[in-house]
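If you're matching positions, the sequence shown starts at 11 in my numbering and goes up one per residue. The C-beta atom is built at its ideal place from N, Cα and C for all residues, glycine as well. Here's the structure we're looking at; comments come further down.
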Amino acid sequence: MVRIITGLQFGDEGKGRVTHFESKKADMVIRATGGNNAGHTVVANGKKFAMHLLPSSIIRKDVVSIIGNGVVIDPKVLIDEIVEMNNNGIEITPDNFKISDRAHIIMPWHKDMDVILEKQKMNPIGTTKRGIGPCYAEKCLRTGIRAYDLTDPTSLMYRVVDSVSYNNVFLNHFGYNLSSQYALDKYVEYGKFLKPFICDIHSIVHDALSADKNILIEGAQAMYLDIDHGTYPYVTSSNSASPGACVGAGIGPKYVSEVIGVMKAYTSRVGEGPFPTELKNEIGDKIRDLGHEFGTTTGRPRRCGWLDLVMIKQAVDVNSLTCLCVNHLDTIGKFDEIQVCTTYSYKNETINYVPINLENCTPASYHMFKGWDTSNAKTYEDLPENAKLFISLIEKYTGVPVKYIGIGPDENDTIIR
Ligand code: IMP
C-alpha cells in the first residue's frame, strides 16, 4: 500500500504534521522530489531540528527512510544533517537510511549558476539559491552527476571533468573559472561518508511492495511550484505534484491507494509569481504574524492572502486526491471576517479554473465567514459552527473529505476525522 502526501498551494502548508501521523503506520518513507530548498522541523528527544534533506521519518528507527531518485542532493548539507542527528542520539545506519544511486548531486557551480541566473533575469524567480534549478537542468542535459558517481572515484572524475568544461563555457563570462580538482577533492570525501547509504533502491522498494508493506511518499514543495502544473516560470524545477512523487520514488500509479493533499486555511507564497488573493495590507501582515509565516529554509517573510479554492480544486484534480488536511484553522479564525475566493475574473469572464496567465486573474467572488475560536476543540464536533461551515465549503467545492484539521502549532493540535 502506497500513500502520498502532497502540498496544494505554494509550499509550506505544514506537510510535516500529516507525515508525522501517517509515518506511524509506515514501514518505509520515501522523499521523492526537490532538495534542500525544502525545510521541515523534526522534534526528537525533546529537541527541534530544522531538516532539509532527511525524510522526517528518520527519527523512527523501525522505519526505512529513503531519498529517492527524484531528489537533488547537496552532499555537504546531507552529511551535516546526518552528523547532527547522530550527535543527538538518533542513530542513522545503512539499515534505516538509504539514498538512491540515481539521485542527482548538487555541485558548487550549480549554486553559482543559480545566483547568476537570478541576477541576469529581468524578472527573477526568487529562488532559494541552493542550486536546485541548475542541478535539475544538468540532469535533463544528461551531463549531471549522480549519487552512484560519489561511490566510484573514477566515474566521478569523468563526470566532473565533463561537467566543469561544459559549465565553464557559461561561467567564464562571469569571471568564474571552475577547477575540477577542487570539486573532486571535496566530493571524493563526501562520497566516502555517504557510500554506505547509497544503493540501488529498486529491489528494496519493490520487495516492500510485494510484501504488502506500508509505504509513504513524502512530498516537497507543492502543486503551484510544480514545473509543469505550477505558475511557470515562478516554480521550482521538479514535478512536485503527486505524479512526480511516483516517478521520484520509482513506484507506478497502480500501487497508490491514498493521496493526501495538505493546505492552509489561507494562502502563502515565498518568492515571486502570481497570487490572486494576496493581501498587501494590514490583513496580510496580520496573517503573517499570527501564522508565523517566515521561511524555514531562507527566513524570508512569506506573502499572505485569503484561501483560494479555485487553485485548491485544480490541485485536487491534478493530484487525484483522496482526502485533505487543512492547517491553521485556528489562525484564520482569529479574524472577524474571513474571505474565501471561489471564482476569478479573467479576460472579462468569470472562471473557476487556473489559466496559464494567472497573473491576469483577480478574485471575482468570495464566500464570507465570521471568525471562530478553536481553543477548546478536541474533536470535529467541538468546533464552532462557523469553523464547520468553512470546512464544509472546502469539501463541497472540492468533492474531497477533510480528514485532518490543524488547530495549533503542536502536532497534537490535530483533529482527525
Ligand atoms: P528553487 O526551488 O530554489 O529554484 O526556487 C524556486 C521557487 O520555489 C522560489 O519561489 C522558492 O521560494 C520556491 N520554493 C522552493 N522550495 C520551496 C519550499 O519548500 N517552500 C516554499 N517555497 C519554495
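Exposed unless 16 or more other CB atoms sit within 10 angstroms - verdict on T137: It is buried - the Cβ of T137 has at least 16 other Cβ atoms within 10 Å.
(Q) With a threshold of 7 Å on Cβ separation, who are the neighbours of R298 within its own chain once the five nearest residues in sequence on each side are excluded? (A) P311, R312, C314
Go ahead and pull the three-state DSSP assignment for Q191. helix
Q: Have a look at M123, I83, K25, F203 and flag the residue whose alpha-carbon is nearest the alpha-carbon of P104.
A: F203
query: By how many angstroms is the C-alpha of T51 removed from the C-alpha of G26?
result: 7 Å
Using 7 Å as the threshold, is the C-beta distance between A255 and I227 below it?
Yes, Cβ-Cβ distance for A255 and I227 is below 7 Å.
Nearest-angstrom Cα separation, counted from L235 out to H120
20 Å
**OP:** Could you check what DSSP says for I361 in three-state terms: helix, strand or coil?
**Re:** strand
### Query
Is the distance from the Cβ of G240 to the Cβ of N337 below 7 Å?
Against a cut-off of 7 Å, the Cβ pair of N337 and G240 comes out as no contact.
Quiz item: Within 10 angstroms of its Cβ, does D122 collect 16 or more other Cβ (buried), or is it exposed?
Solution: buried
**Item:** Backbone secondary structure at Q19 - three-state DSSP
**Value:** The three-state secondary structure of Q19, taken from DSSP, is coil.
| said: Tell me the rounded alpha-carbon separation between S375 and I102. | reply: 51 Å
Next item on the list: State yes or no: is the C-beta of N79 within less than 7 Å of the C-beta of H62?
Entry: no
request  = Return the first residue and the last residue of the alpha helix (DSSP H) that K25 is part of.
outcome  = 25-33
Could you tell me the alpha carbon to alpha carbon distance between T29 and H377, rounded to whole angstroms? 30 Å
- request: Tell me, to the nearest whole angstrom, how far the beta carbon of G343 is from that of T277; I am working on the premise that it is less than 8 Å.
  value: Not confirmed; about 16 Å, so no contact.
- Query: Using the beta-carbon count (16 or more within 10 Å), is F184 buried or exposed?
  - Reply: Counting the other Cβ atoms within 10 Å of the Cβ of F184 gives fewer than 16, which makes it exposed.
Cβ-Cβ separation, L88 to S75 (assumed contact under 8 Å), whole Å:
So it is not a contact: roughly 12 Å between Cβ atoms.
Pick from N367, L319, R70, K413: whose alpha carbon is nearest that of T389?
-> K413
Practice problem: Using the Cα positions of R156 and D195, report the straight-line distance between them to the nearest angstrom. | Solution: 16 Å
Among T246, I69, L317, S355, the one whose alpha carbon lies nearest that of G56: I69
message: So, with DSSP's three-state summary, where would you put A325?
response: Here A325 sits in helix by DSSP.
#### Entry: Closer than 6 Å: G281 CB and nearest the ligand IMP heavy atom
yes
Problem - When N358, F20, E347, I14 are compared against I237, the one with the closest alpha-carbon - result: F20
Using the three-state DSSP reduction, which class does P104 fall into: helix, strand or coil?
coil
| query | Ends of the beta strand (DSSP E) at I348? | reply | 347-356
Worksheet item: Excluding sequence positions up to five away, which residues of its chain have a Cβ less than 8 Å from the Cβ of S67?
Response: T29, S33, A36, V39, V73, S75, L226, E228
In angstroms with no decimal places, state the Cα-to-Cα distance between Q324 and Y363. 7 Å
| said: Taking the alpha carbon of E91 as the reference point, which residue from N106, V81, F59, S110 has its own alpha carbon closest? | reply: By alpha-carbon distance to E91, the top candidate from N106, V81, F59, S110 is F59.
| message | Check for me: the beta strand (DSSP E) holding M38 runs from which residue to which? | response | Residue range 38-41 is occupied by the beta strand (DSSP E) that includes M38.
So, with DSSP's three-state summary, where would you put N47?
coil
key: Any non-hydrogen atom of the ligand IMP closer than 6 Å to A42 Cβ   = no
Nearest to M233 by CA position, among E292, P206, I126, V320, is which residue? V320
| task | Compute the distance between the beta-carbons of T306 and G49, then report whether it is under 7 Å. | result | yes
Quiz prompt | Beta bridge counterpart(s) of S209 as assigned by DSSP | solution = According to the sequence shown, residue 209 is Cys rather than Ser. According to DSSP, C209 bridges with S110.
What residue range is occupied by the uninterrupted alpha helix (DSSP H) comprising F59?
No alpha helix (DSSP H) contains F59, which is instead part of the beta strand (DSSP E) from 57-61.
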